[in-house]
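There are 2 protein chains.
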Amino acid sequence: MYICLMYSKEIVKGTLKPIVLKLLKEHGRMYGYEITQNVKALTEGKIQITEGALYPLLHKLQAEGVLQTESEKMGKRVRKYYKLSQSGEAVADDLISEMLDFMQTLKSVLNPDYGQA
Amino acid sequence: MYICLMYSKEIVKGTLKPIVLKLLKEHGRMYGYEITQNVKALTEGKIQITEGALYPLLHKLQAEGVLQTESEKMGKRVRKYYKLSQSGEAVADDLISEMLDFMQTLKSVLNPDYGQA
DNA sequence: TACTATACATTGATTTCTTATGTATATTTG
DNA sequence: CAAATATACATAAGAAATCAATGTATAGTA
Chain A
1 MYICLMYSKE IVKGTLKPIV LKLLKEHGRM YGYEITQNVK ALTEGKIQIT
51 EGALYPLLHK LQAEGVLQTE SEKMGKRVRK YYKLSQSGEA VADDLISEML
101 DFMQTLKSVL NPDYGQA
Chain B
118 MYICLMYSKE IVKGTLKPIV LKLLKEHGRM YGYEITQNVK ALTEGKIQIT
168 EGALYPLLHK LQAEGVLQTE SEKMGKRVRK YYKLSQSGEA VADDLISEML
218 DFMQTLKSVL NPDYGQA
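So the protein lines, in turn, are chains A and B. Sequential numbering of the first sequence, starting at 1, is according to my numbering. Sequential numbering of the second sequence, starting at 118, is according to my numbering.
As C-alpha cells, then:
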C-alpha cells in the first residue's frame, strides 16, 4: 500500500467543496478553523485545508445561498459559524452523491481489476 | 443510486492526469483522439475529455519527459502517438497509487459508514 | 453536397487553489 | 513574564488546470 504523510495539492484539488458540505451536513454548524482541524483529524493529516482556500469558498457558498452564518462572541473574539441553508441541504446531497458516484467510476478506470468488484 | 449522463466539470477537475497515465500504462501507446474516445467508452460517456484540456496536458508531460512521442503517417494525415518513458512509468505508478489511496480517504470522509468497510 | 467523424492544435477567460501576508486574542512553556 | 504556539478571522497576487470556442484538414457517410 502506498504511504504518504500528506497528499499532493494536485490530487486534492477539486474536492474541497464536497468535503466542506459533508462536514456541515454532519455537524450542523461549524466555524472555519474548526473545519480545517476536523478534516486534518479525520484524515490523519493526509488532507490539510488551507485558509486561503477555505475562506473564499465559504464566502462564495454564502453568497450563493448555500450556507448561512451566525456570528457569536466568544469572549472578545467573534466566531463565525456556517451551516447549510434549506436549499443548501439539497446542493450538498447532490454534490456528495455525484462525488461518490464519480469516485466509483474513476476507481474502475484506475483499477479495473477491483473497481467494480 | 445517483444517476447522471455526465459528471459536472468541477467534479472531474484534477483527475485528467492520472486517467491519461493509466490508459497509457495499459495500452502502451495511444494518440490523443484515441484517449478521448477510450475514456468516453470506458465510463459510458460519464467522463468526457475535451481537447483543450488534453493536448496541453500531453505536451506538458512530454516536455517534462514523462511521455515520448512517435509520429506516423496514416495516408495523408500524421498521427501522433504518446507513450510513457522509462521514468514516466514510475511517475504513472506513483500518481495512480496516490490517487487510489486518496479516493479511499475521501470516501471515508464523504461516506463514513461504508468507506472503510 | 452536406454533415459527421477523425485528428491535430491554440487562445482567452474562468475557476480554484497556493503562498504569503495581515490582524488580533488566548494559551502554553521555558 | 516573555516568547512561542494555537486559535480565528481575512485578503491578495499569482499559478495552474480546465473550459469553451475556434481553427485547420482529411475521411467517410447520408
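Glycine residues also receive a C-beta, built at the ideal position from the N, C-alpha and C atoms.
Euclidean distance between Cα positions of residue i and residue j
{"i": "A:Lys-22", "j": "B:Leu-227", "result": "6 Å"}
{"i": "B:Leu-223", "j": "B:Met-191", "result": "44 Å"}
{"i": "A:Glu-44", "j": "A:Thr-36", "result": "12 Å"}
{"i": "B:Gly-145", "j": "B:Tyr-199", "result": "8 Å"}
{"i": "B:Ser-188", "j": "B:Val-195", "result": "6 Å"}
{"i": "B:Ile-136", "j": "A:Phe-102", "result": "13 Å"}
{"i": "A:Leu-42", "j": "A:Tyr-7", "result": "14 Å"}
{"i": "A:Val-39", "j": "A:Leu-24", "result": "12 Å"}
{"i": "A:Leu-84", "j": "A:Thr-50", "result": "21 Å"}
{"i": "B:Glu-127", "j": "A:Glu-10", "result": "14 Å"}
{"i": "A:Gln-104", "j": "B:Lys-193", "result": "41 Å"}
Three-state secondary structure (DSSP) of residue i
{"i": "A:Met-121", "result": "Limits of chain A in this structure are 1 at one end and 117 at the other, which puts residue 121 of chain A out of reach."}
{"i": "B:Gln-221", "result": "helix"}
{"i": "A:Gln-68", "result": "strand"}
{"i": "A:Met-99", "result": "helix"}
{"i": "B:Tyr-172", "result": "helix"}
{"i": "B:Lys-142", "result": "helix"}
{"i": "B:Lys-134", "result": "helix"}
{"i": "B:Lys-157", "result": "helix"}
{"i": "B:Lys-177", "result": "helix"}
{"i": "B:Lys-200", "result": "strand"}
{"i": "B:Lys-190", "result": "strand"}
{"i": "B:Gln-233", "result": "For B:Gln-233, the predicted model reports a pLDDT of 47, less than 50, meaning its position is unreliable; a value from the coordinates is still stated below. If DSSP states are grouped into helix, strand and coil, B:Gln-233 belongs with coil."}
Contacts that residue i makes with chain B (C-beta to C-beta distance below 7 Å)
{"i": "A:Leu-67", "result": "Ordered by position in chain B, no residue passes the 7 Å Cβ test against A:Leu-67, which lies about 17 Å from the chain."}
{"i": "A:Tyr-2", "result": "Ser-214, Glu-215, Asp-218"}
{"i": "A:Pro-18", "result": "Leu-227"}
{"i": "A:Thr-15", "result": "Leu-223"}
{"i": "A:Lys-76", "result": "Neighbours of A:Lys-76 on chain B: none; closest Cβ ~33 Å, over 7 Å."}
{"i": "A:Lys-22", "result": "Val-226, Leu-227"}
Proximal residues of chain B, C-beta to C-beta of residue i below 8 Å
{"i": "A:Leu-42", "result": "Ser-225, Val-226"}
Which listed residue (the options) has its alpha carbon closest to that of residue i
{"i": "B:Gly-131", "options": "B:Glu-143, B:Leu-212, B:Ala-158", "result": "B:Leu-212"}
{"i": "B:Lys-177", "options": "B:Ser-225, B:Lys-134, B:Met-123, B:Lys-126", "result": "B:Lys-134"}
{"i": "A:Lys-80", "options": "A:Leu-58, A:Lys-46, A:Gln-86", "result": "A:Leu-58"}
{"i": "A:Val-12", "options": "B:Met-216, B:Ser-225, B:Pro-229", "result": "B:Met-216"}
{"i": "A:Gln-86", "options": "A:Ile-49, A:Ser-108, A:Gln-62", "result": "A:Gln-62"}
{"i": "B:Asp-230", "options": "A:Glu-26, A:Asp-113, A:Ile-49, A:Ile-47", "result": "A:Glu-26"}
{"i": "A:Gln-48", "options": "A:Gln-104, A:Cys-4, A:Ser-97", "result": "A:Cys-4"}
{"i": "A:Tyr-2", "options": "B:Ser-214, B:Gln-221, B:Lys-193", "result": "B:Ser-214"}
{"i": "B:Ser-225", "options": "A:Thr-50, A:Ser-108, A:Lys-46", "result": "A:Lys-46"}
Under 8 Å from the C-beta of residue i: neighbouring residues of chain A
{"i": "B:Ser-125", "result": "Glu-98"}
Neighbouring residues, chain A, relative to residue i (Cβ below 9 Å)
{"i": "B:Thr-222", "result": "Tyr-7, Leu-42, Thr-43, Glu-44, Lys-46, Ile-47"}
Contacts of residue i in chain B (Cβ-Cβ under 9 Å)
{"i": "A:Lys-60", "result": "Within 9 Å Cβ-Cβ: nothing; A:Lys-60 doesn't reach chain B, min ~12 Å."}
Where residue i meets chain A, residues with beta-carbon distance less than 7 Å
{"i": "B:Ile-152", "result": "What B:Ile-152 touches in chain A: nothing, since even the nearest Cβ is about 12 Å away."}
field: Three-pair Cβ contact test at 8 Å for the segment 24-32 of chain A versus the segment 47-62 of chain A
entry: With a cut-off of 8 Å, the segment 47-62 of chain A and the segment 24-32 of chain A count as touching, because enough Cβ pairs lie within range.
query: Does the segment 59-68 of chain A come close enough to the segment 82-100 of chain A to have 3 or more Cβ pairs within less than 8 Å?
result: With contact defined as three or more Cβ pairs closer than 8 Å, the segment 59-68 of chain A and the segment 82-100 of chain A are in contact.
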